Amino acid sequence: RPFAALPWWRCTADGRTALREAIDRARSGEIAHRELTQIRTDGAGADDTGATGRDEGGSANEPADPTDGSTFEVTVRPVRDASGDVVSLLARASDVTERARLERELRASEELHRVTLNNMTDTVLITDDDGTFTYVCPNVHFIFGYSDDEIREMGTIDELLEPDLFDRDELESASVLTNIECTATDRAGREHTLLVNVREVSIQGGTTLYSCRDITKRKRREEALTALHRTARELLYAETDREIADIVVDDATDVLDLEASAAYLFDTDENVLRSAASSPGMERLHGPIRDHRATDDSIPGRAFIDGESRFFADVHDSGSLSNPGTDLRSAAYVPLGDHGVFAVGSTASDAFDDVSRELTDLLAATAEAALDRVERERTLRERDRELKRRNRQLTRLNRINEIIRELDQALVEAETRAEIERAVCDRLTATDRFSFAWIGQLDADGDRLE
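Per full-length UniProt numbering, the very first residue in the sequence shown carries number 1; after that it's consecutive.
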């Protein structure tokens, strides 16, 4: 029977066709290789419409499920006579199932690593002993903004990261150094804070592996929270609403890294949001901060009435902007409960990312808590003053009632008018309330008291 018609190949996808092609190729004097995988079915053989086996060039059309059966590598060699003519063919089939399985797993692993490296935000770099790049992770643009080719053109790692990032002797001793903090500048000129791990490796000429994680946002949040805690401590000692407004506006630059800020306080008598404090940056970029009615015809008024923060990528897009000539672009208006509104802005558009929004809300919440405290203390002081006033009134009333009771007793015991008058005067001057007491009457003519 023809080699290609043997039953071994009946359960391979297009195996017979692949073998016929290999035989034809061997007849022409070339060595032909085919890789065939058996497909386990319910007993029916594969038809000739399936995928072909793998040839010596490495191309292949995989069968429907290459993991179902054994894989064979078939080699067909021409046998020549003394004159060099092909007189016969030598066919050899080797079971390479395990090798094929390992190749499939390797390809799957490579694809997994490729997808992972392309999509993770950490950047991996490998250099030789001189710092020259031997490998650049494809996702390097996530942090640095450069392509991998542009990174390689820099030459060495020192051009990308800080020189003398770590101690070589320490690395040789420990083999790995972790959590090295440094700064790097991306293609757009923005500074990033990185957390770098360095490890000794031996990979295709590379000896040092760098794993870089961008912690710029985390670092910024940590610094901002530190500044916010300092602000909170200062607010503990503030005694008035205006003092709180001054502290919040002054500290907004450190907490939010934005130079334009202002605070409005609500005047309950006039129903007006009055400017209480503004930073020099706000005065320079926006102009004097004017008062606003607590209505929805202004941005601060709308934020106050709705009780919701309003963030603008470009405040000029708002129809309620009171000063169209402002140099501010990004702006935020955050209500301070029933006390007023906190405003902050920047000349850059879309300056409020998730971190900025979070910190702005936190700063406003801290200010609101301080204003609530001052209001409670003010209410308590007013109640205390009222209580003291009423206590004084009650004390005076008690003293008067006591005097009246004593006078009543003296009147009951007196037998003459003179005794009554003497008792009244003596009782009235017995306390510190009166220095002297005197009872007189009109003379006979009614002209004078005597």
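Cβ atoms here follow ideal geometry from the backbone N, Cα and C, with glycine treated the same way.
These figures come from a predicted structure and were not determined experimentally.
Nearest C-alpha to residue 368 among 270, 337, 387, 176: 337.
The beta carbon of residue 291 sits closer than 7 Å to those of 272, 273, 274, 275, all from its chain and outside the five residues before and after it, given in chain order. Between the C-alpha atoms of residue 423 and residue 373 there is a straight-line separation of about 55 Å. Beta-carbon to beta-carbon, residue 255 and residue 228 are separated by about 5 Å, close enough to satisfy the 8 Å threshold. DSSP lists 195 as the beta-bridge partner residues of residue 213. Here residue 127 has 133, 134, 156, 157, 206, 207, 208, 210 as same chain residues with Cβ atoms under 8 Å from its own Cβ, once five neighbours each way along the sequence are excluded. By the neighbour-count criterion, in which 16 or more other beta carbons inside 10 Å mark a residue as buried, residue 434 falls on the exposed side. Here residue 70 carries a coil assignment [DSSP, helix/strand/coil]. C-alpha of residue 183 to C-alpha of residue 267: approximately 47 Å in a straight line.
Between the alpha carbons of residue 172 and residue 200 lies a distance of about 8 Å.
Note that the C-beta distance between residue 231 and residue 248 is below 9 Å. Within 10 angstroms of the beta-carbon of residue 38 lie 16 or more other beta-carbons, which makes it buried. Listed as beta-bridge partners of residue 335 by DSSP are 341. In the three-state DSSP reduction, residue 35 falls in the strand class (E or B). When the beta-carbon positions are compared, residue 327 and residue 295 stay at least 9 Å from each other.
For residue 358, the uninterrupted alpha helix (DSSP H) run begins and ends at 354-413, by DSSP. Residue 20 has its alpha-carbon roughly 10 Å from the corresponding atom of residue 2. Secondary structure in the region 259-318: the beta strand (DSSP E) runs of 3 residues or longer, each lying completely within the stretch, are 260-267, 272-278, 310-312 in chain order. About 6 Å separates the CB atoms of residue 192 and residue 143; that is less than 8 Å, so the two are in contact. Shown here, residue 78 sits in a strand according to DSSP, grouped into three states. A straight-line Cα-Cα distance of about 14 Å links residue 394 and residue 403. Taking the CA atoms as reference points, residue 244 sits about 42 Å from residue 397.
If you draw a straight line from the Cα of residue 147 to the Cα of residue 221, it is about 28 Å long.
Distances from the CA of residue 93 to each of 123, 130, 32 were compared; the closest alpha carbon is that of 32.
Comparing alpha carbon positions, the residue from 214, 371, 123, 75 closest to residue 242 is 371. Only buried fits residue 332, as 16 or more other CB atoms lie within 10 angstroms of its CB. If you check the CB distance, residue 410 and residue 400 do not come in under 9 Å.
About 4 Å separates the beta carbon of residue 281 from that of residue 260, a gap short enough to meet the 8 Å contact definition.
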